[in-house]
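Just below is one structure, and these are the notes that go with it.
Residue numbers (UniProt numbering): 1 to 385.
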């Protein structure tokens with residue numbers, strides 16, 4: 001669909017530049033109100049409708065039936081997880097683990113089922129693979145299911161950015177992922193494990209991309225010879241390392257200070273992140289095995305709870321544009337050391353199952369040769385492919 005024609009009398013130079021950028025990015029349509037609101041720095045949060053807010057705040061329909069203990073200096077809590085093996089028993093035949101992060105509706109049951117479909121479509125031995133789906137609940141979820149007080153629960157937005165839990169103690173969602181990865185580093189439980197793949201789509205990819213930057217437990221897997229890959233699929237936004245953004249007009253004259261604050265930038269980061277030397281975070285991140293899996297049809301700037309705040313719009317008009325712009329940003333900052341890549345999935349939009357079960361998605365998840373139909377952009381490190 002062509003860009004909707006909108007009359008302005010006359011167009012300000014900044015608006016003209018923004019429209020040019022929108023055309024360059026290929027946005028299907030942008031309304032006059034969005035164009036004006038973005039340039040003025042207006043940021044209606046995620047601009048959720050009442051129906052969307054009701055879906056976000058409604059308790060989940062199912063809660064995972066297994067638990068991972070998360071022990072920290074703040075105290076302890078239990079993280080619900082789905083898994084196709086008993087999480088507290090040895091799995092000597094498992095060589096590959098897939099950790100599937102759910103989306104904004106916290107529907108880990110749906111994402112767990114998607115993970116099982118990935119395994120089925122890949123035609124690999126079932127006894128050698130394990131699928132795990134952690135669930136980041138809210139207090140409303142725990143009340144609806146009368147869960148024990150030890151069950152971890154975050155705010156609706158807090159779990160996506162590593163914020164401390166609301167109950168029972170302030171444990172970061174990143175610490176919960178640390179505990180999950182540490183579990184799989186236990187060679188007495190997983191003596192044959194060689195690869196862990198953490199995969200997230202949409203809001204789950206938001207959490208995963210920030211965790212890939214800040215997470216502490218990846219090194220524990222490496223120390224025992226287990227490779228770790230992060231597959232970040234169609235997130236609504238990314239964590240930047242400075243104040244540069246693809247659409248600087250949104251931030252002109254300080255109109256959108258939120259754009260450089262957590263979770264879009266490193267300013268005002270939660271304790272888990274602020275307690276680390278932020279100078280080391282970027283160096284570690286670009287050396288990690290991260291694949292950005294982007295749907296070529298994920299170009300609608302209004303659907304699936306996309307972040308339409310000024311901070312989100314500073315990163316681009318829709319998810320595909322934001323992902324491509326972010327990788328270009330990383331390549332410019334690291335002209336010879338970026339060990340990551342982008343893989344585009346033709347014909348797929350904002351569809352987690354479609355992304356991961358596509359030929360491109362399966363190749364990424366199982367580290368196979370990419371089909372010729374999957375456009376890829378390599379990083380700048382010599383071994384990036």
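From the three backbone atoms N, C-alpha and C, an ideal C-beta is built for every residue, glycine too. Because the structure is a prediction, the values reported are computed rather than measured.
Beta carbon proximity, residue i to chain C, threshold 7 Å
i           : result
residue 374 : Absence of chain C from the displayed structure is noted, only one protein chain being present.
Cβ-Cβ separation, residue j to residue i (assumed contact under 8 Å), whole Å
i           : j           : result
residue 320 : residue 299 : 5 Å
residue 422 : residue 99  : This structure leaves residue 422 out entirely; the chain is present only between 1 and 385.
residue 289 : residue 339 : 7 Å
residue 237 : residue 351 : Not really, about 19 Å apart at Cβ, beyond 8 Å.
residue 207 : residue 200 : 6 Å
residue 239 : residue 216 : Not really, about 16 Å apart at Cβ, beyond 8 Å.
residue 390 : residue 318 : Nothing about residue 390 can be reported from this structure: the residues present for the chain run from 1 to 385 only.
Cβ-Cβ distance between residue i and residue j below 7 Å
i           : j           : result
residue 356 : residue 122 : no
residue 348 : residue 358 : yes
residue 291 : residue 334 : no
residue 203 : residue 104 : yes
residue 224 : residue 185 : yes
residue 177 : residue 153 : no
residue 156 : residue 80  : no
residue 296 : residue 371 : no
residue 241 : residue 282 : yes
residue 314 : residue 259 : yes
residue 266 : residue 278 : yes
residue 141 : residue 70  : no
residue 93  : residue 57  : no
residue 226 : residue 196 : yes
residue 170 : residue 74  : yes
Paired residues, beta bridge with residue i - DSSP
i           : result
residue 195 : 96, 227
residue 50  : Looking at the DSSP assignment, residue 50 forms no beta bridge with any residue, so it has no partner.
residue 379 : Its beta-bridge partners do not exist; DSSP assigns none.
residue 55  : Per DSSP, none; premise fails for residue 55.
residue 129 : 96
residue 291 : 231, 341
Q) Does the region 161-171 touch the region 266-285, meaning 3 or more C-beta pairs lie closer than 8 Å? A) Verdict: yes, contact present.
(Q) For a minimum of 4 consecutive residues, which ranges assigned as the alpha helix (DSSP H) are wholly contained in the region 199-287? (A) Runs found: 203-214, 218-223, 271-274, 278-286.
Q: Pair every Cβ in the region 128-143 with every Cβ in the region 99-116, then say whether three or more of these pairs are closer than 8 Å.
A: Yes, the region 128-143 is in contact with the region 99-116.
(Q) Does the region 186-200 come into contact with the region 145-160, if we say contact requires no fewer than three beta-carbon pairs (one atom in each stretch) closer than 8 Å? (A) Contact between the region 186-200 and the region 145-160 is absent, with fewer than three C-beta pairs closer than 8 Å.
Q.
Suppose only complete runs of 4+ residues qualify. What are the alpha helix (DSSP H) ranges in the region 293-348, listed by chain order?
A. Counting only runs of 4 or more, we get 310-313, 319-333.
Q: With a floor of 4 residues, list each alpha helix (DSSP H) that falls wholly inside the region 131-187, ordered by position along the chain.
A: Entirely contained in the region 131-187, the alpha helix (DSSP H) runs reaching 4 residues are, in chain order, 139-144, 173-184.
Q: Identify every run of the beta strand (DSSP E) within the region 60-115, keeping only runs that are complete inside it and at least 3 residues long; order them along the chain.
A: Runs of the beta strand (DSSP E) inside the region 60-115: 66-72, 75-83, 96-101.
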